[in-house]
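Visitor:
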Amino acid sequence: ANIGNSVTSIGQDAFCGCDILETVSIGNGVTSIGQDAFHGCDILVTIKIPDSVKSIGNNSFASCDTLATVVIGNGVETIGESAFSYCGNLTSVTFGTGLKSVESYAFYGCDKLQCLYINDIVSYCNIDFNEYYYYWDGNFSSNPLNQNNCNLYLNGNLVENLVIPEGVICGNSLGDAFY
Numbered sequence: 296a297n298i299g300n301s302v303t304s305i306g307q308d309a310f311c312g313c314d315i316l317e318t319v320s321i322g323n324g325v326t327s328i329g330q331d332a333f334h335g336c337d338i339l340v341t342i343k344i345p346d347s348v349k350s351i352g353n354n355s356f357a358s359c360d361t362l363a364t365v366v367i368g369n370g371v372e373t374i375g376e377s378a379f380s381y382c383g384n385l386t387s388v389t390f391g392t393g394l395k396s397v398e399s400y401a402f403y404g405c406d407k408l409q410c411l412y413i414n415d416i417v418s419y420c421n422i423d424f425n426e427y428y429y430y431w432d433g434n435f436s437s438n439p440l441n442q443n444n445c446n447l448y449l450n451g452n453l454v455e456n457l458v459i460p461e462g463v464i465c466g467n468s469l470g471d472a473f474y
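In this text, residue positions in the sequence shown follow the numbering used here: the first is 296, and each later residue adds one.
If you want it as structure tokens, here you go:
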């Protein structure tokens, strides 16, 4: 599917359950991706969300069984609840520098997630991972670093030692990455 630059929003359920959608090109006019927009697109492999998008809705890419790579543009500020949940073959996610909030269960069930790529440690440390609501059940799935074997890459390099700049507070953004 080629979503042109004149489209400003991908609505709720727009492509939900579309089992023939293998590729999607999202135009630079799109500013939001609605709830369940691509939910259950079983053969979608890669998604690149352009800088023009500000929000990714709840469950928007949930249960995309073959989704392996997600690149989130610098304009995205919010990733909704369960947005990428149960993408069982997801191995790589790239966060843009504008991300401010990742809602609960955003990456729940993404058991093969191995790589989280970022380009700026300060912007990453400022992301609010809204996972504390579910602390009681041990589920930290809004933060990809809390998935088994997920590694952090800064500017393409595996982070093995990290020096947090003075005055920067990381809160829960680093998850269990260095414990």
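Built from N, CA and C at the ideal position, the CB exists for glycine as well.
Do the CB positions of I342 and V325 come within less than 8 angstroms of each other?
Guide: No. Outside cutoff.
Visitor: Using the C-alpha atoms, what's the distance from G375 back to S527?
Guide: Residue 527 lies beyond the residue range present for the chain, which begins at 296 and ends at 474; the question has no answer from this structure.
Visitor: In angstroms with no decimal places, state the Cα-to-Cα distance between F258 and C405.
Guide: Residue 258 lies beyond the stretch modelled for the chain, which goes from 296 to 474, so this question has no answer here.
Visitor: For the putative contact between I338 and E317, defined by C-beta atoms under 8 angstroms, what is the C-beta separation to the nearest angstrom?
Guide: Rounded to the nearest angstrom, the Cβ distance from I338 to E317 is 5 angstroms, consistent with a contact under 8 angstroms.
Visitor: Exposed or buried, what is N354 when buried is set at 16 or more other beta-carbons lying within 10 Å of its beta-carbon?
Guide: buried
Visitor: Taking just the CA atoms, how far does C445 sit from I328?
Guide: 26 angstroms
Visitor: Strictly by DSSP, which residues pair up with D423?
Guide: Answer by DSSP bridge pairing, in chain order: S396.
Visitor: When burial is assigned at 16 or more other CB atoms within 10 Å of the CB, is I416 buried or exposed?
Guide: Buried: at least 16 other Cβ atoms inside 10 Å.
Visitor: What's the gap between the Cα of D314 and the Cα of V365?
Guide: 18 angstroms
Visitor: From what residue to what residue does the beta strand (DSSP E) around I413 run?
Guide: Counting along the chain, the beta strand (DSSP E) containing I413 begins and ends at C410 to I413.
Visitor: Just the C-alpha distance for T389 and G299, rounded to the nearest angstrom, thanks.
Guide: 23 angstroms
Visitor: Quickly, what does DSSP pair Y448 with across the bridge? List them, please.
Guide: Y412 and L453
Visitor: Could you check if S377 is buried or exposed, using at least 16 other CB atoms within 10 Å of its CB as the buried criterion?
Guide: buried
Visitor: Just curious, the beta strand (DSSP E) that K343 is in, first and last residue?
Guide: T341 to I344
Visitor: Leaving aside the five residues before and after Q330 along the sequence, list all residues of the same chain whose C-beta is less than 8 angstroms from its C-beta, in chain order.
Guide: Q307, D308, G352, N353, N354, S355 and G375
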